Structure formats: structure tokens, C-alpha cells
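Student: Chains as they are written, first to last, in my numbering: chain A, 1 to 520; chain B, 1001 to 1281; chain C, 2001 to 2313. Just so it is clear, CB atoms sit at the ideal spot from N, CA and C, and this is done for glycine as well. Values in this document were obtained by computation on a predicted structure and should not be read as measured data.
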Amino acid sequence: MRKWLLALAVMVLGLGSAAPVRGGTLVYGRYADSLFLDPVFTDANLDIWIMQNLYETLIQIGPGGKGLVPGLATNWGFSKDGKTFTLALRPGVKFSDGTPLTAEDVKFSLERAKNPDNGAWNFLLSSVNTVAVKGNQIVLSLKNPDPSLPAALATFNSAILPKKLYVAAKGKDEKERAKNFAEKPVGTGPFMLKEWKRGSSMTLVRNPLYWRKGADGKPLPYLDAVRFEIIPDDSARILKLQSGELDGAEFIPFARVAELQADPKLSMKLFPSTRVNFIVMNTRPKLKNGADNPLSNLKLCQALNYATDKQALIRLVSFGNGKPMTSYLSSSTPLQAPQPMYPYNLDKAKQLFSASGFGLGLELTLQIVAGSADQSALATALQQMWEGIGVKLKIEQQDSATQNARYAEGDFQMQFNYWTDDIADPNELTAYATVYKNNQSFQTGFQSDEVDRLFAASQQETNPAKRAAQYKRIQEIYVNAAPMVFLYEQPFAVALSKRVRDFVQIPLGNNVFVNTYLEK
Amino acid sequence: MAASAVSVPKKASRRRFRPSLVTGLVIIGIFVLMALFPKLIAPYSPTTFDYQAILQGPTAKHLFGTDNFGRDVFSRVVWGAQLDMQIALFTTLFPFLFGTLVGSLTGYYGRWADALFGRIVDIVVTFPFLVLVIAIVAVLGPGLKNMYIAVSAVGWITYGRLVRAEILNQKKAEYALAGRVMGYTPSRIIFRHLLPNAITPAIVYWMTDMALGILLGSSLGYLGLGAQPPTAEWGVLIADGKNFLATAWWISTFPGLAITLAGVGFSLLGDGLADLLRPRG
Amino acid sequence: MNRWSYVLVRVLQVIPTFFVVMVLVFVVARLLPGDPLTAILGERATEDMVVRAKHELGLDKPVPVQFLIFLKDFFQGNLGDSINLKVPVTRLILERMPVTLFLTTYAAVLAALLAIPLAFVAALRKDTWADNLIRGVFQLGLSMPVFYIGLQLLTLLGARLRLFPVGGYGNTFGEHLYYLFLPALTLGFNLAAILMRNLRASILEVLQAEYVDFARAKGLRPGLILGKHVLRNALISTVTLFGLNVGGLIGGAVITETVFAIPGVGRLMVDSIFGRDYPVIQGLTLTFALLVSLVFILTDILHAQLDPRVEAA
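(1) Pick from B:Leu1212, B:Ile1054, B:Gln1082, B:Ile1028: whose alpha carbon is nearest that of Ser1152 of chain B?
(2) Hey, would you say Gly71 of chain A sits closer than 9 angstroms to Arg90 of chain A, going by beta carbons?
(3) Could you check which residue in C:Asn2078, C:Val2137, C:Val2089 has the C-alpha nearest to that of Lys1261 of chain B?
(4) Quick one, are the C-beta atoms of Ser332 of chain A and Pro507 of chain A less than 9 angstroms apart?
(5) How would you call Ser2005 of chain C, buried or exposed, if buried means at least 16 neighbouring beta carbons within 10 angstroms?
(6) Are the C-beta of Glu409 of chain A and some C-beta of chain B separated by less than 9 angstroms?
(7) Residues in its own chain within less than 8 angstroms of Thr380 of chain A by CB, not counting five upstream and five downstream?
(8) Taking the straight line between their C-alpha atoms, what separation do you get for Asp1114 of chain B and Arg1180 of chain B?
(9) Contact criterion: CB-CB distance below 9 angstroms. Does Phe2173 of chain C meet it with respect to chain A?
(10) What's the C-alpha gap between Asn511 of chain A and Val504 of chain A?
(11) Quick one: is Val2310 of chain C near chain B, going by C-beta distance under 9 angstroms?
(12) Could you check whether the Cβ of Arg2197 of chain C sits closer than 9 angstroms to any Cβ belonging to chain A?
(13) Going straight from the alpha carbon of Trp1249 of chain B to that of Thr1100 of chain B, what length do you get?
(14) When every heavy atom of the ligand SAH is checked, does at least one fall within less than 8 angstroms of the C-beta of Gln339 of chain A?
(15) Check whether chain B comes within 9 angstroms of Thr2105 of chain C, counting only Cβ atoms and requiring the distance to be less than that.
(16) Tell me, please, whether the stretch 218-232 of chain A touches the stretch 109-126 of chain A by the rule of three or more beta-carbon pairs shorter than 8 angstroms.
(17) Pairing CB atoms from the stretch 2272-2284 of chain C with CB atoms from the stretch 2069-2086 of chain C, are three or more of them under 8 angstroms?
(18) Give me, in chain order, the residues of the same chain whose beta-carbon lies closer than 8 angstroms to that of Asp97 of chain A; leave out the 5 immediate sequence neighbours on both sides.
(19) Going along the chain, which residues of its own chain have a beta-carbon closer than 6 angstroms to the beta-carbon of Tyr210 of chain A, five neighbours each way excluded?
(20) Taking only the alpha-carbon atoms, compute the straight-line gap between Ser235 of chain A and Lys1242 of chain B and give it to the nearest angstrom.
(21) At a CB-CB cut-off below 9 angstroms, which residues of chain B make contact with Leu2298 of chain C?
(22) Look up Phe228 of chain A in the DSSP assignment and say whether it is helix, strand or coil.
(23) Please report whether the beta-carbon of Thr2016 of chain C lies at a distance below 9 angstroms from any beta-carbon of chain B.
(24) Would you list, in chain order, the members of the stretch 231-260 of chain A that have their beta-carbon closer than 7 angstroms to a beta-carbon of chain C?
(25) The beta strand (DSSP E) spanning Trp76 of chain A covers which residue range?
(26) Could you pull the DSSP bridge partners for Val494 of chain A from this structure?
(27) Would you say Ala1246 of chain B faces chain A, with C-beta separation under 9 angstroms as the test?
(28) Looking at the structure shown, is Asp2035 of chain C part of a helix, part of a strand, or coil, going by DSSP?
(29) In terms of alpha-carbon separation, which member of A:Ser330, A:Gly92, A:Ala469 lies closest to Pro100 of chain A?
(30) Using a Cβ-Cβ cut-off of 9 angstroms, state whether Gln587 of chain A counts as contacting chain B.
(31) Mind checking Trp2129 of chain C: buried by the 16 CB within 10 Å criterion, or exposed?
(32) Please list, in chain order, all residues of the same chain as Phe1074 of chain B whose beta carbon is under 6 angstroms from its beta carbon, the five residues on each side excluded.
(33) Spell out whether any CB of chain A is found under 9 angstroms from the CB atom of Phe1069 of chain B.
(34) With the cut-off set at 9 angstroms, would you say Ile231 of chain A and Gly29 of chain A are in Cβ contact?
(35) Curious, which full-length alpha helix (DSSP H) runs of at least 4 residues does the stretch 1171-1241 of chain B contain?
(36) Would you report the Cα separation of Asn297 of chain A and Leu304 of chain A, rounded to the nearest angstrom?
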């Protein structure tokens, strides 16, 4: 009862003090600069995670990253047979240059996004056959029912661009036009790009024509401007925040989280994310160089999983900021079904190891990216843990381009890797990690006819309960086959000055400044 | 003018106590002992974790404290000496020998040898070092040996230039002309007469270069292209402690002190040698 | 050989060097494992995408053909577009090079200002407390990793005492001097230490040479001896070292620029190497080559000026 009263009081007081303040420039320290501000041709999280401040999608991800909410479309729905998807365009929306948003812009943008010649993301819209305009309505006719379509339409690559401006951009081909358009991007988002000094800073200013209204009834956003400063060095970024030159800084090393939590001038945020860390194991019978591959032995893969003390890793590497994985999908991913996994159990690991038939002193090689303190800490810890069952782990450091090349060729035994979802649906990672024909299941070589069948069915399953059951089974099979050493999930660590309010980084990684304000 | 006043320098004859030479020798001697017998000096294993002793400050039990894995920093510094003394020697030995040879030959003969040397210098110095290191490491695999190759490929240039400049100086001196008049072979003139007088800057620089070699090794280790974990050299130890400067200063400070002390040792040695080798009137 | 024809020869020598460097960097960049596409796309790159993108970029052609295309573009003043940043390489270089040039020049000037006078003090007062103090302090510059010095300076003078801004570059010349003081000091410290040590050793050597005794015996005032003989001779090896270390200075700029968040070419170089951004690697290497050659020519000329005995090589 008391607790309840207290909660109510906090809520009332909270609401009372929550009148957002308008104005001001928020300076935010990023570890690296964006590369290319085109939603279709972008390759990098550096673009994706800030792009929706400039361009918007028809459907958007709900506040805090949960559920889907209306964006440039006010409502949407599937037809009975699931083969038509209709959206109603929000009336009265304008691009930041003043031209009104029309259904033609939507048709143009979606057709561009689903074109298989364009960029890396068109597969998200692969079910879309044609895009038609009916007055204020956009009608997508589908090749097959697609339960992930609403989530796909909430993903950055289906952002809406102004057709007229884009077509008018100079360039001999699509890619060159995209380049020129992205130099001075125009969208319906809450901010507009004002200045971009590559590698140094990027300034976004308020879009006065933005359609969404704030708590005070006037158009959002509250901030006059957001300036991104590029500070690659972690320590320097934190120093700048502490000296007051920044209002926020991303990618705080976990080693420093406790220290910043204790700083009275800062608020240390740990936003839930879809980031999962794991070790990819090559489970093919032969290695690239033709040698026999011990990791094709299921018992050995399981033994390594059991021999891995996830809690200890979390304590050592991310200083307590994380939780053990409960599937190959993150716990923030829709349809994730928690699995029993491989709780740390040295005896069981030893049993499985001896049952696998390999002798003590078996040598395995783990590749990590050179110069990453976290990865080398992790590898050193694993080295020590696996020694306990008689495995000798060799660590090989290489620069990331080399590692990626060797990944693509399947030329490795184990590699550290991680994943962050780009779409609020389990299908992206599932396609990459469990379906052999796509990149041979994250280059693990994992192959299961049942998983392939279930995944194909789930891609067209419009009954949510049935789709969930299919995903549950896929996760069971995959986790039991142990083509990865499943490690842990980790949050996004962002430190903000105390006066920054209502900033969020959603589980997919997007930085949302539309509701952010600076307290006086 | 000054040029005509130069005569044949005499060898140092007076023997006296040389504080910098002795101090330098003692410091480097201690590190060499650490490098040769780490097991006898280090109280703990440098790689074993101790979850009960994470991030502890310096105590009698852990002289330099422990790191974020509970490893004893003192033991890690001692074992690090092994790698760093190796790095100091092997990143500089070949450059010193080869650079001195090339420098004296090109300085003495001049003409096309000198011109060729000049162009090679231009190319090596203008080619980005990092591309070279990554290329070498990518082809041969990461590790100390390949780092030595990469560093040596570039490092000899400095010695070559230094020795060449000095040889050019000495060649004009009377004693060298005298040697030529007396019909000595070029190799005798170069190695018996010119080089002993021209090599001092190279030796002094060699000592500095050993300290620089350790620093370079640590920067490359920092990029992951040097020593591979779990063995760690001092530069990597410093980098490991970077995130703990405010909360656990000891992790990076003690390896930092070790690098500094080694640097001081090498340069005292350099000064001492310069003193010893300097011609006296 | 007269001085001007010597300079001309030196300039002409740069051309073949330049060409060799051009070929080398072109080939070596392509020998690095991986390619620009997998470097950025990582596991998201499907084979089909990589093949298509390679074709668009012309990376599927044989290397000699690629080189000829590069050469043709080069003579038209076009260094190509950055694969990762999607902007012309020339624009990137023009934007960032001035920053790095300013920083390195600033560092070199600071290094000389620190090293030259203090080397004289140390040498003339050899083995006194002043000598030991100067050598001790400079020793730190030789013995501490650049990022460590940088961070300590930042923490102390920047964040604690707030005497200097923590990073950034500023907009006016005065601001540049102010913003870049700590980075330039960090970067120059190492060079200053090398210069000081060497200068001190040379001064001592020159002071003990007989011609100085001779001059002293002739009754020349000590100041005159210093200025005329010692300084000139001691500076010879210093100038050599200085020229040689300019390359290192640009190398050190990489780490300094990272720690102090300065938007120069050092960081760009590292990123483009790790991202296998061939056009940027090529463009920057050629620019470096040009700059370093320039400095070399200048030091050679200076060398010849200081020491009339040295003939042009």
C-alpha cells in the first residue's frame, strides 16, 4: 500500500516536472562518423543508427523499441488471404524543403528499396510484388503472405524520400544519384542535415515542418539542433563529457560504467539491445586447408559450451553489464523462446569431452580482431576456462578486413562475432544463422532440413501462434546442435549529462532524439 | 677554417669512473636478468586468473597490485621484460649493422651507390609504415618475428643516413686523405680509420632506438600486430590499463615505469658509450 | 655543382621515386587480404553482392589494367572516389591535410624550440643538476607511449585544470594554436627528446675537438666559438635527424589525432587501411610521398648550407 502511494507520488511529481523545455543544442560524442546517408545503399550501423532522425518510415518502432506504431502511415492491414497489404498515408506531412509528401513518393521509395540491384537490404521487401497508389492509399500486392512485412516497413531501408528531388539529383546511374542526393538529404524526419565535416562533426537542425506534436501541443522536436562530434578514443570521449564539452557519449567501455555511475553530474544509461556475443564454430568435417576438423564433433562443441562460464565472462569482460544468452536470438528479439542452453558445468563438459574421443591437449584456434581490448580479454578468459577440460586454445589476432575475408571463405576454426538486429523480427538473424543456403549458416556449416522447412513456412505464416511455435522449434534444434559457443547479451552503454532528458537508443541501435530535451 | 684544423683523433686513453655508463649497465642488467630468469623473480604466474583478487591495489602480497583478471601486475611486468628486451634487441640489431655497412660504403664510394641508396631511402621513408606492417603480418601471420621483419625493413635507413653523413665529414679529414695517399685498401680506410670515428652518432642513436623499439613494439601490440596474448609486453599492459586510469592506476603505471626506466637505462648506456668512444685530445 | 642545379637534380630524382611508390602502394594495397566490400559489409555481404560491387568499382579487372586506369585518371588530376566514404579522394585530402600539416609543423617547431636551447644548457653544464634534470625530463618523452602522455596531459591540463580544450581544432589561426597546443606538445615531445639527446652529444663532441681548442687559443670569445663552430657543426646531424623523423612525426600524428579527436589525415589513413579503401590509401600515400620528399630536399639543402664540406649526393 505504502509502496503504491509512493509510486503514485513519484508518478505525479514526475509528470509535474516533465514539462519539456524547448531549445538548445545537444552535443553528442560518437566513436566514428557516418559514411553514407542513403537508406537503401548504406552498409553501416553508423548510418542506420542515426538515419531516422532525417528520414522516416511508414510504420515506426514504438517508444522504447517495443511494438509498432504509426509513422507516415496512419493505419495498415493485410487482406484476408494475406496477399495484399494496404496502408493509409498520413495527410498533411511535408518534407523538410516544404514539398508535401504524396503516395507517389511512397511508391517510388518502396520500389527503389525492393529493387534487387540496389544495396544490401532489398531482401527485407522480397515478398512485395508491386506497389500501387489508390488516392491516399498505398497497396502492396505480395508474392506470398509475409508476416514480417510490417516490421520490414518500419526498417530504415524503406524510408520515404522525395521522388522529385531524388530524380533531379545529378548522376549517370542510380548509385551516383544516390551519392549526390545524400550530400544534401531531404526527408520528413524531425531534423535536417545542416553541416557535415566528414570525420569531425555533423550538425542536424530542427525541421520546423515536422508533423508530430510535443507535450506542449507545438511541433516536435524540442531541440534546436543536435551536433555529433566524432571522438574515436574512448577515454577522450569520456573526458570531453566530464569536462562539459559534450552532453552525451556513446559506446562507454564497460570497464568505466561503474565509475561514471558514481559521477553526480552524469547519468549512465544501459539501454536494452539486441546485441548478442558468440563464437562462430566451423563445424564442417574438413577445414579450408583440408585438415580434419575436430569441431565437426557435436560432443566437443557441446563440451566447449558447458566449459564456458558465462557469468564469469560477463563479470570479467563487461563488468557485470550483460546476461547469458538464452537462445541464438537476443531476449529483446520478438518470438525469442528461452532455451535451457549450456549452464556452466565443468564435470559435464569433461564427460562430453572424453566421450568425444579427443585426447587432452587438443589444440583449437580462435580468431579475434586485433586491438580490441574486449575481444582479447574474452579470448584470454576462454583460454583459461577451456584448459579445464584439456583444450589448448590458440589465439590469432588479425585486422577486421582480414578476419572478414577469412570468414567469407570459411577459412577459420573459430571466430568471435556478434550480431545486432536491424529489423524488429527474428527472421533476419534466423536466415543468416540457421539456413544453410544463406552464407552456410553464419559460415558454421550448420545444416538442417527441418530448420530450412520451418523457416520457409514461418516466412509465410500469418497466424502468430503458429509462427511462434515454428520459431520455438528452430531455436531448440539450433541450440542443441551448438554450432556456436553462446556467450552473452550486452546493453548499449551511453553516458549523458544529467540535463539530457528523454533520449533513447532502441534495441536495434537507433538513436532517437525526437523527444529529447535539455533541462535548464 | 675549421676544416683544416682537424687532425687524426687519438683513441681514448684515460680510464676513469663513468657514472652514466655504470648506471645504465646496472639498469639494463637488471632487466636482462628479469628476462633470463622470470620464473625465479616473479612470485605468481603472469597468466593465471584469480577471481578472488580482482583489481586490488598494491599490497605486500601483490607488490604492484592486480589487474581486472586478478593477475599479479608485478609478475606480468617481470615476464614482460622478457619480451621487451627481445624487442629492443631484435628491432634494432639488424638495422644497426646493415645501416652502418650501407652508410659507410655509400658515404665512401659516393656516385651511383650513393644515388641508389638515396632513392631507396626516399622510397622506404615515403611508403606508409602501417601498410607495410599489415602487409607483412597479413602474409606471414601476426607475431613478434614478423614485426621484427617489418621494423627492420624500415629501421636501417636512419643508421645508413647517420653514418653516411659522418663518413662524408671524415672522408675530407687529413688522416683519411693520408690513408689514401699511403695506398691503404678502401676496406681498411673505411673500417679501420673512418668508421671508428664516424660511428659514434649511430651508437648513441642505437641506444635511443632500443627504447623507441620498445615503444613501437607496444604501439603495434596495441594494434594487435605484435606479441599475441596471453603473454604480454609492457605496451600491451599499459593499453590494458587504459580504462582503469581513474580507478586502478597501478595497472598501467607500473609497466609505464618499467618502460621509462628501460628507456633511461638505454640512454645512459648511450651517453656512457658516447663518452667512452669520443676521441680525446 | 652549383646550388641551384643541385636542387634541380634533387627534384628530378623525386619523379622516379614517386613512380615506384605509386606502383608499390597500388600492388601492396591489393595484396592485403580481404577487400573493401567484405571489410565494411562483414557477414552481411552475400557473394552475389560482392561480385556486383566489384564489377561496379572495376576491381574485377586485372591489376595492371586497374593501374593503367588509375594512371590515366591521375594525370587528369583525379584520384578516384573513396569506396567507403563515397566522396572524391582529392576533396578528402584537401579537407584534412591542412589540419595534419598544421599539427606536425607546430609539433616540429615546439620540438626545436624546446630541444635546441636546452641541449646547449645541458651540454655546457655537463653533469650538473641542470644537465641531469633536462635529460631526465626529456627521457620521459622517449620512454612513454604517445597515447599515454596525451591522455595524462588531457586529464590534467584539459579536464582537471580546464586550461585547454579537450580535443577539437578551432576555426581561426589563433584558435588552432590554442586548441592544438596539447596535441602538438604530445607529438613533439618524442622528437624533442631525440633532437636534444643528439644535439647535446654533438655539442660535447665538437667542444672537445681540437679546432675549438685552437680557436680558443686564438683568443676567440666563447660565445663566438659557440656560434660559429659548435652550432654549425652540431646542427648538421640534428638536421639529418630532423628530416628523417618528419615521416615518423606524420606517423605519430595517427595516434595523437585519435586521442585528441583531430580530423586530420592520420586517422583517415588508418581507417582506409583497415577498410581496404584503395583509392584513399593510394591518394594519401602519394601525398605523403610528395611531402616527405619535399622535406628531404629542404634538409639536404640546409645540410649543404651548414656544412660546406659536404657535396651534393
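Tutor: The relevant details are as follows:
(1) When only C-alpha atoms are compared, the closest one is B:Leu1212.
(2) Yes, these two residues count as a Cβ contact at 9 angstroms.
(3) According to the sequence displayed, residue 1261 of chain B carries Leu and not Lys. The option with the nearest alpha carbon to Leu1261 of chain B is C:Val2137.
(4) Going by C-beta atoms, Ser332 of chain A is nearer than 9 angstroms to Pro507 of chain A.
(5) So Ser2005 of chain C ends up on the exposed side.
(6) Interface residue (Cβ-Cβ distance to chain B less than 9 angstroms): Glu409 of chain A is not classified as such.
(7) Exclusion of the five residues before and after Thr380 of chain A leaves Ile395 as the residues of its chain whose Cβ lies within less than 8 angstroms of its Cβ.
(8) For Asp1114 of chain B and Arg1180 of chain B, the distance between alpha carbons rounds to 20 angstroms.
(9) Closer than 9 angstroms: no.
(10) Their backbone Cα atoms lie some 6 angstroms apart in a straight line.
(11) Here Val2310 of chain C scores only 48 on pLDDT, less than 50, and its place in the model should not be relied on; the value that follows carries that caveat. Val2310 of chain C has a beta carbon lying within less than 9 angstroms of a beta carbon in chain B.
(12) Closer than 9 angstroms: no.
(13) Straight-line Cα distance between these residues: approximately 42 angstroms.
(14) This structure does not include the ligand SAH; it has no bound ligands of any sort.
(15) No, Thr2105 of chain C lies away from the interface with chain B (no Cβ there is under 9 angstroms from its Cβ).
(16) The stretch 218-232 of chain A makes no contact with the stretch 109-126 of chain A: fewer than 3 CB pairs, one atom from each, lie closer than 8 angstroms.
(17) By the Cβ test, the stretch 2272-2284 of chain C is in contact with the stretch 2069-2086 of chain C, since at least three Cβ pairs between them sit closer than 8 angstroms.
(18) Within the same chain, Cβ atoms closer than 8 angstroms to the Cβ of Asp97 of chain A are found at Pro162, Leu165, Val186, the five residues on either side in sequence being excluded.
(19) Here Tyr210 of chain A has Pro190, Pro219, Leu220 as same chain residues with Cβ atoms under 6 angstroms from its own Cβ, once five neighbours each way along the sequence are excluded.
(20) Looking at the two C-alpha atoms, the distance is approximately 8 angstroms.
(21) Here the premise fails: no neighbours, minimum Cβ distance about 14 angstroms.
(22) Strand.
(23) Note that residue 2016 of chain C is Pro in the sequence shown here, rather than Thr. It does: the Cβ of Pro2016 of chain C has a partner Cβ on chain B nearer than 9 angstroms.
(24) For the stretch 231-260 of chain A, residues whose beta-carbon sits nearer than 7 angstroms to a beta-carbon of chain C comprise Ile231, Pro232, Asp233, Ser235, Ala236, Leu239, Lys240, Gln242, Ser243, Glu245.
(25) It spans 73-78 - the beta strand (DSSP E) in which Trp76 of chain A sits, taken as one unbroken run.
(26) According to the DSSP secondary-structure assignment, Val494 of chain A is paired through a beta bridge with A:Lys269.
(27) Judged by the 9 angstroms Cβ criterion, Ala1246 of chain B is in contact with chain A.
(28) It is coil, neither helix nor strand.
(29) For the residues A:Ser330, A:Gly92, A:Ala469, the minimum Cα distance to Pro100 of chain A belongs to A:Gly92.
(30) Outside the shown range of chain A, which is 1 to 520, sits residue 587 of chain A, and nothing can be said about it.
(31) Trp2129 of chain C comes out exposed.
(32) Contacts found: Leu1063, Phe1064.
(33) Cβ-Cβ to chain A under 9 angstroms: yes for Phe1069 of chain B.
(34) Less than 9 angstroms divides the Cβ of Ile231 of chain A from the Cβ of Gly29 of chain A.
(35) Here the runs fully enclosed are 1174-1181, 1195-1198, 1200-1222, 1234-1240.
(36) If I take the Cα positions, the gap works out to 11 angstroms.
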